[in-house]
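Undergrad:
Number of protein chains: 2
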Amino acid sequence: MQNAVLKRIHARHWAPGTLLPNEADIALEFGCARSTVNRALQSLADKGLLERRRRGGTRVVEHPERVATFKIPIIRLQIERSGCDYHYQLLSQNHLTQKQKIARGQGVQQMGDTLHIRALHSSDGNPYVLEDRWIDTRIVPAAKEADFSAISPNQWLVEQIPFSGGDLKLSAIKAKAADAKVLKCQAGDPLFRTERTTWNTERELITVVNLTYFHGYKMQVEL
Amino acid sequence: MQNAVLKRIHARHWAPGTLLPNEADIALEFGCARSTVNRALQSLADKGLLERRRRGGTRVVEHPERVATFKIPIIRLQIERSGCDYHYQLLSQNHLTQKQKIARGQGVQQMGDTLHIRALHSSDGNPYVLEDRWIDTRIVPAAKEADFSAISPNQWLVEQIPFSGGDLKLSAIKAKAADAKVLKCQAGDPLFRTERTTWNTERELITVVNLTYFHGYKMQVEL
DNA sequence: ATCATTATTATGTACGTACATATTTACACG
DNA sequence: CGTGTAAATATGTACGTACATAATAATGAT
């Protein structure tokens, strides 16, 4: 059923921008129940191929922006999955009780009472990614007791905190001397970086993290 | 219904790794139909929170890898949406009739009879992204007649070719002299790059494209 | 014991019906 | 002529039932 609709879209029987017949009519034409049509169309809408509005009907989207879903794995798993040895090292840990302003790209995030952690994740002994993280300990008080020399904040947070919204920026930066030393590359090398903020369901800021990957790293996404 | 299940997961009533009761039992407990439970669980499974296997039952996923869906817009729309003036310029266009080997990261892609295009997309007159594209003209013969001085291959392909699978790699590279000149930055600057291959439903390679963004670009993703 | 066959079980998909809800269109009223 | 209210319409969600399918467990023959 879903495939039948997909075929029509591909065959341009229903071209981009076209308003499809209503569910009842489609059901009649295909000789199936409306609920089946509903499921099929809804699924395609989820995938970004159709646009649906109550009373307004269903139409094929004009510019089918390719929708990619990609996974942000726990770094440990990412490394172990590729068959390499994982190693984690805490570099520094500070508790900042004053209000902090953390510059992130254009915006500035406000956090008070933060835990600042720098840690290095290695793969087969080679530096893999440098984790630079701020955790708001008012929102996540348990973080004060966590032993981040044994478990990475990355893993700890994912396992402790229920999922939530967030924001992710990807960019290329020039390696600073300090980072170059830790990541064993030349100062000035281009490095892949992700900057991420995460908030909970009440939209309170939980954590801000910058990940700076080793020189030559490519992030892979399935489409 | 979906929310009720979500609450239980958040409340760790059903902790990560837990095997949920079967749909029939859940339906009984919540006082609703199994089909309703099925829809709710399936939806959560799509979002990556649950793992389901026939006969095996449903369980809360152990390491909830955050699943981000991000859109790959037509560059033109991306620029115009931010209120800037879009400009497109074809830099070069060659038809290569011999077999080509196009190195992409670790792998090498085989294409025969390819059209190679270089083009620059600008925003308010500033270089935005450099498009370096190969199109297999055996698979997409219409590309030979398309006028890529008027429409970008990016836009043309999205509108002509039905969606398909693909592969996307994101990385940071060091600006080469030639690219630096086009993108108006210094040679050696770190640049954000995406490398993408796209194939059709028969898994034939359609196009390979490298996009190199201006110095300082950050790709943004909603989580 | 080993392997092929047959039950069992939980999810996957479809049906048909009913009612809810958002949105537009039509109509009546001032 | 505008305005508020009611009808019409298409999707959204839920119900209960039926059968398909994949994966596992139990069974029986060799």
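In the order they appear, the protein sequences are chains D and G.
In our numbering, each number is its position in the first sequence, counted from 1, plus 1450.
In our numbering, each number is its position in the second sequence, counted from 1, plus 1450.
We put the beta carbon where it would ideally sit given N, CA and C, even for glycine.
Please read all numbers here as calculations on a predicted model, not as lab measurements.
To which residues of the same chain is leucine 1456(D) closer than 6 angstroms at the C-beta, ignoring the five residues directly before and after it?
TA: Translated into positions along the first sequence, residue 1456(D) becomes position 6. Counting only Cβ-Cβ distances below 6 angstroms, and skipping sequence neighbours, we find nothing.
Undergrad: Tell whether a beta-carbon distance below 7 angstroms holds between alanine 1474(G) and arginine 1484(G).
TA: Stepping through the second sequence from its first residue, residue 1474(G) is reached at position 24. Stepping through the second sequence from its first residue, residue 1484(G) is reached at position 34. The answer is yes: Cβ separation under 7 angstroms.
Undergrad: What residue from Tyr1578(D), Ile1522(D), Ser1572(D), Asp1582(D) has the CA that sits closest to serine 1542(D)'s CA?
TA: Residue mapping note: residue 1542(D) aligns to position 92 of the first sequence, counting from 1. Comparing Cα positions, the closest option is Asp1582(D).
Undergrad: Mind reading off the beta-carbon distance from alanine 1495(D) to valine 1487(D)? Whole number of angstroms is fine, and I expect it under 8 angstroms.
TA: As a position in the first sequence, residue 1495(D) is number 45, starting the count at 1. As a position in the first sequence, residue 1487(D) is number 37, starting the count at 1. That belief does not hold up - the Cβ atoms of alanine 1495(D) and valine 1487(D) are roughly 12 angstroms apart, past 8 angstroms.
Undergrad: Reducing DSSP to helix, strand and coil, say where arginine 1502(D) ends up.
TA: Reading the first sequence from its first residue, position 52 is the one you call residue 1502(D). Here arginine 1502(D) sits in strand by DSSP.
Undergrad: Looking at the strands, I want to know which residues DSSP matches up with aspartate 1617(G).
TA: By 1-based counting over the second sequence, the position of residue 1617(G) is 167. Paired residues: Glu1672(D), Thr1647(G).
Undergrad: Looking at the unbroken beta strand (DSSP E) that takes in aspartate 1586(G), where does it start and where does it end?
TA: The residue given as residue 1586(G) occupies position 136 in the second sequence. 1576-1586 is the span of the beta strand (DSSP E), which, as asked, contains aspartate 1586(G).
Undergrad: Counting C-beta neighbours from all protein chains within 10 Å, is the total for leucine 1633(G) 16 or more, i.e. buried, or is it exposed?
TA: To locate residue 1633(G), count along the second sequence from 1; it is residue 183. With 16 or more other Cβ atoms within 10 Å, it is buried.
Undergrad: So, does the region 1532-1540 of chain D touch the region 1565-1578 of chain D, judging by three or more C-beta pairs under 8 angstroms?
TA: The region 1532-1540 of chain D, when compared against the region 1565-1578 of chain D, does touch it at the 8 angstroms Cβ threshold.
Undergrad: Report the neighbours of lysine 1668(D) on chain G: residues whose CB is nearer than 7 angstroms to its CB, in chain order.
TA: Reading the first sequence from its first residue, position 218 is the one you call residue 1668(D). Correct list: Gly1555, Lys1619, Leu1620, Ser1621.
Undergrad: For threonine 1519(G), return the contacting residues in chain D, with the cut-off set at a CB-CB distance below 9 angstroms.
TA: Counting from 1 along the second sequence, the entry for residue 1519(G) is found at position 69. Chain D residues near threonine 1519(G): Gly1498, Val1517, Ala1518, Thr1519, Phe1520.
Undergrad: Show which residues of chain G have a CB atom less than 8 angstroms away from the CB atom of glycine 1638(D).
TA: On the first sequence, position 188 is the one that residue 1638(D) refers to. Within 8 angstroms Cβ-Cβ: Gly1638.
Undergrad: Can you have a look at arginine 1505(G) and say buried or exposed, based on whether 16 or more other CB atoms are within 10 angstroms of its CB?
TA: Residue mapping note: residue 1505(G) aligns to position 55 of the second sequence, counting from 1. The residue is exposed, with fewer than 16 neighbouring Cβ atoms inside 10 Å.
Undergrad: Who pairs with leucine 1540(G) in a beta bridge, going by DSSP?
TA: For the purposes of this step, residue 1540(G) is taken as residue 90 along the second sequence, with counting starting at 1. Paired residues: Ala1569(G).
Undergrad: Establish whether the CB of arginine 1583(D) and some CB of chain G are separated by less than 7 angstroms.
TA: Reading the first sequence from its first residue, position 133 is the one you call residue 1583(D). It does not: the Cβ of arginine 1583(D) has no partner Cβ on chain G nearer than 7 angstroms.
Undergrad: Using CA coordinates, which residue listed in Asp1617(G), Thr1564(G), Gly1481(G) is at the minimum distance from arginine 1653(G)?
TA: Taking the second sequence and counting its residues from 1, one reaches residue 1653(G) at position 203. Comparing Cα-Cα distances from arginine 1653(G) to each of Asp1617(G), Thr1564(G), Gly1481(G), the minimum goes to Asp1617(G).
Undergrad: Nearest CA to the CA of glutamate 1515(D): which residue from Arg1489(D), Gly1498(D), Ala1593(D), Ile1589(D)?
TA: Numbered from its first residue, the first sequence carries residue 1515(D) at position 65. If we check each option's Cα against that of glutamate 1515(D), Gly1498(D) comes out closest.
Undergrad: Sort Thr1519(G), Gly1666(G), Thr1468(G) by Cα distance to serine 1449(D) and report the nearest one.
TA: A query on residue 1449(D) cannot be resolved here, the shown segment of chain D reaching from 1451 to 1673 and no further.
Undergrad: Look up asparagine 1472(G) in the DSSP assignment and say whether it is helix, strand or coil.
TA: Translated into the one-based positions of the second sequence, residue 1472(G) becomes position 22. Asparagine 1472(G) falls in the coil class under three-state DSSP.
Undergrad: Take isoleucine 1524(G) and list the residues in its own chain whose beta-carbon comes closer than 7 angstroms to its own, dropping the five residues that flank it on each side.
TA: Within the second sequence, residue 1524(G) is the residue found at index 74, counting from 1. The answer, listed in chain order, is Asn1604, Gln1605, Val1608.
Undergrad: Straight-line CA distance for glutamine 1556(D) to lysine 1668(G)?
TA: Along the first sequence, one-based indexing puts residue 1556(D) at 106. Along the second sequence, one-based indexing puts residue 1668(G) at 218. In this prediction, glutamine 1556(D) has a pLDDT of 39, which is less than 50 and means its spatial position is unreliable; what the coordinates show is noted afterwards. Answer to the nearest angstrom: the Cα atoms are 10 angstroms apart.
Undergrad: On a CA-only basis, which of Arg1509(D), Cys1482(D), Thr1647(D) is nearest tryptophan 1464(D)? Give me that one, please.
TA: Counting from 1 along the first sequence, the entry for residue 1464(D) is found at position 14. If we check each option's Cα against that of tryptophan 1464(D), Arg1509(D) comes out closest.
Undergrad: Among residues of its own chain, excluding the 5 on either side of isoleucine 1623(D), which ones have a beta-carbon nearer than 6 angstroms to its beta-carbon?
TA: Here the question's residue 1623(D) lines up with position 173 in the first sequence. Only Leu1641, Arg1643 meet the Cβ criterion.
Undergrad: Return helix, strand or coil for aspartate 1535(D), following the three-state DSSP convention.
TA: Translated into positions along the first sequence, residue 1535(D) becomes position 85. Correct three-state label for aspartate 1535(D): coil.
Undergrad: With respect to the beta strand (DSSP E) encompassing valine 1659(D), which residues constitute its N-terminal and C-terminal limits?
TA: Within the first sequence, the letter at position 209 stands for residue 1659(D). 1655-1663 is the span of the beta strand (DSSP E), which, as asked, contains valine 1659(D).
Undergrad: CA-CA distance, isoleucine 1585(G) and leucine 1527(G)?
TA: By one-based count along the second sequence, residue 1585(G) stands at place 135. By one-based count along the second sequence, residue 1527(G) stands at place 77. Spanning the two alpha carbons is a distance of roughly 22 angstroms.
Undergrad: Alpha carbons only, please: which of Ile1611(D), Pro1471(D), Leu1661(D) is nearest the one belonging to leucine 1500(D)?
TA: As a position in the first sequence, residue 1500(D) is number 50, starting the count at 1. Cα-wise, what sits closest to leucine 1500(D) is Pro1471(D).
Undergrad: If you measure beta-carbon to beta-carbon, which residues of the region 1464-1476 of chain D are closer than 8 angstroms to chain G?
TA: Taking 8 angstroms as the Cβ-Cβ cut-off against chain G, the residues of the region 1464-1476 of chain D that qualify are Pro1466.
Undergrad: Just grab the DSSP bridge partners of leucine 1641(D) for me.
TA: Walking along the first sequence from the start, residue 1641(D) turns up at place 191. Its beta-bridge partners are Ile1623(D).
Undergrad: Quick one: is lysine 1634(D) near chain G, going by C-beta distance under 7 angstroms?
TA: Taking the first residue of the first sequence as 1, we reach residue 1634(D) at position 184. Output row for lysine 1634(D): interface = no.
Undergrad: Just tell me which of Leu1491(D), Lys1521(D), Ile1522(D) has its CA closest to the CA of valine 1511(D).
TA: By one-based count along the first sequence, residue 1511(D) stands at place 61. Among Leu1491(D), Lys1521(D), Ile1522(D), the Cα nearest to that of valine 1511(D) belongs to Leu1491(D).
Undergrad: List, in chain order, every chain G residue whose beta-carbon is nearer than 8 angstroms to that of lysine 1624(D).
TA: For the purposes of this step, residue 1624(D) is taken as the residue at position 174 of the first sequence. The contacting residues are Asp1639, Pro1640.
Undergrad: Are alanine 1596(D) and threonine 1587(D) closer than 7 angstroms when you measure CB to CB?
TA: In the first sequence, residue 1596(D) corresponds to position 146, counting from 1. In the first sequence, residue 1587(D) corresponds to position 137, counting from 1. Taking 7 angstroms as the Cβ cut-off, alanine 1596(D) and threonine 1587(D) do not qualify as a contacting pair.
Undergrad: In three-state DSSP terms, what is valine 1608(G)?
TA: Residue numbering aside, residue 1608(G) sits at position 158 when the second sequence is read from its first letter. Helix at valine 1608(G).
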